[in-house]
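In my numbering, the protein residues as written are 5 to 414. Everything below concerns the one structure shown next.
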């Protein structure tokens, strides 16, 4: 069954590229699937947190037909984790890696005979999408010739994409910069202190990333762009490794807090890195920060991952509380150990009684649940004084200390 690319997609960013490339693929994909003896082959595009099926050829539908124009949440697909170097390009049912596959899918019964996936690129190192081929039934490992055929198809599609991107004026410099960062991480960790108001004692640091070779782009822009291209976990894992490597080099034993999206928290390699960091010194402490603005599609699934991190001794922090509308739902669902009050609340404490009432309510909540409240974005002595009057004990912000490299501790 050869499914045509007939759906009209609402995504306009690569529309001309999509149409030019997909029409050339149908017969080639069908021939490649037959040659490999597989059940399903497809080409996809990654955009806006989803894997969109552009063209599909299936001998028999896998569970349900894959429809061109439809999409799946990225973290429900194996291709997503292949692009982020968390899963290998080739997975077979008897491989030990299947345990990791089931972990990522949160499905102990998931099984597949063989799965082969390679990214396709407009910018080298930054996937436009994937070409993927799989079967439910087991088959012998791919021969060198079969693997070369599959790689060649991925390279041909990538070359076609780059050609049409250049013709259409979509070869974006910022994307080139991100691709370079993903290929060769050049991340400088900096640390912003979290202080106790009473005596100025540093209780911990938020570990942050600066991109050495592209200071013209804000870190927020780089992480947001990586997330949009389906490479958020890879960049976040690179950043976490750099921060923890530096904390180890500096002999830090204070709490280190690192920002993570819900997707990157699913990566088994992150849990292993956290475990190694904490086991290296019993005095070390670690927290992960999840933004109130984060899109959480499955609270139960994320909750199980957070429970596994808590079992290692990792604290869970909810960041940016007060900036969006999801704060209460996130607090109740995630049961954070730390609540970080956003700058938008702190900045208007003197002028808005509603802001002061929110702080008071969160303080009462934190007392009853045993979590700690930390105010972020403190920029003046007056803001600090109001927070102390309200009963807040801890804070972070430019007034208390800017993000900066730290000297080695002895």
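Cβ coordinates follow ideal geometry from the N, Cα and C atoms, glycine included. Just so we're clear, the structure is a prediction, and the values are computed from it rather than from any experiment.
Following the DSSP letters along the chain, one finds residue 242 inside the alpha helix (DSSP H) bounded by residues 236-253. Within the same chain, and ignoring the five residues on either side of residue 89 in sequence, the residues whose Cβ sits closer than 8 Å to its Cβ are 238. Around the C-beta of residue 114, fewer than 16 other C-beta atoms lie within 10 Å, and the residue is accordingly described as exposed. For residue 318, no alpha helix (DSSP H) encloses it, and the DSSP letter there is neither H nor E.
When secondary structure is reduced to three states using DSSP, residue 107 falls in the helix class. Between the C-alpha atoms of residue 265 and residue 29 there is a straight-line separation of about 35 Å. In terms of Cβ geometry, residue 124 and residue 161 form a close pair [threshold 7 Å]. The C-alpha of residue 350 lies about 29 Å from the C-alpha of residue 251. In the structure shown, the three-state DSSP call for residue 291 is strand. Note on the segment 79-137: whole alpha helix (DSSP H) runs with a minimum of 4 residues are 82-87 and 102-109, in chain order. When Cβ pairs closer than 8 Å are counted between the two stretches, the segment 266-280 is seen not to touch the segment 57-71, the count staying below three.
Distance check between residue 311 and each of 55, 291, 298 and 325 places 291 closest, using alpha-carbon atoms only. For residue 326 against residue 362, the beta-carbon gap comes to about 6 Å, under 8 Å, which counts as contact.
Spatial neighbours of residue 94 in its own chain (CB-CB distance under 7 Å, excluding positions within 5 residues in sequence) are listed in chain order as 120 and 146. In this structure, 323 is the residue among 45, 367 and 323 with its C-alpha nearest to the C-alpha of residue 346. The three-state secondary structure of residue 265, taken from DSSP, is coil. Residues 53, 54 and 301 of the same chain have their beta carbon placed closer than 7 Å to that of residue 77, with the five preceding and five following residues left out of the count. Taking every protein chain shown into account, the CB of residue 261 has 16 or more other CB atoms within 10 angstroms, so this residue is buried.
As for any alpha helix (DSSP H) of minimum length 4 sitting wholly inside the segment 319-399, the runs are 331-338, 347-350, 357-373 and 385-394, ordered along the chain.
In this structure the segment 385-405 touches the segment 196-208; the number of beta carbon pairs closer than 8 Å is three or more.
About 15 Å separates the beta carbon of residue 245 from that of residue 214, a gap too long to meet the 8 Å contact definition.
DSSP, read as helix, strand or coil, puts residue 148 in helix.
The beta carbon of residue 85 is closer than 6 Å to those of 91 and 108 in its chain, skipping five residues each way along the sequence. With fewer than 16 other Cβ atoms from the protein chains shown falling within 10 Å of its own Cβ, residue 142 counts as exposed. DSSP, reduced to helix, strand and coil, places residue 199 within a strand of the structure shown. Under the three-state reduction of DSSP output, residue 76 falls in the strand class.
For residue 281, the three-state secondary structure derived from DSSP is helix.
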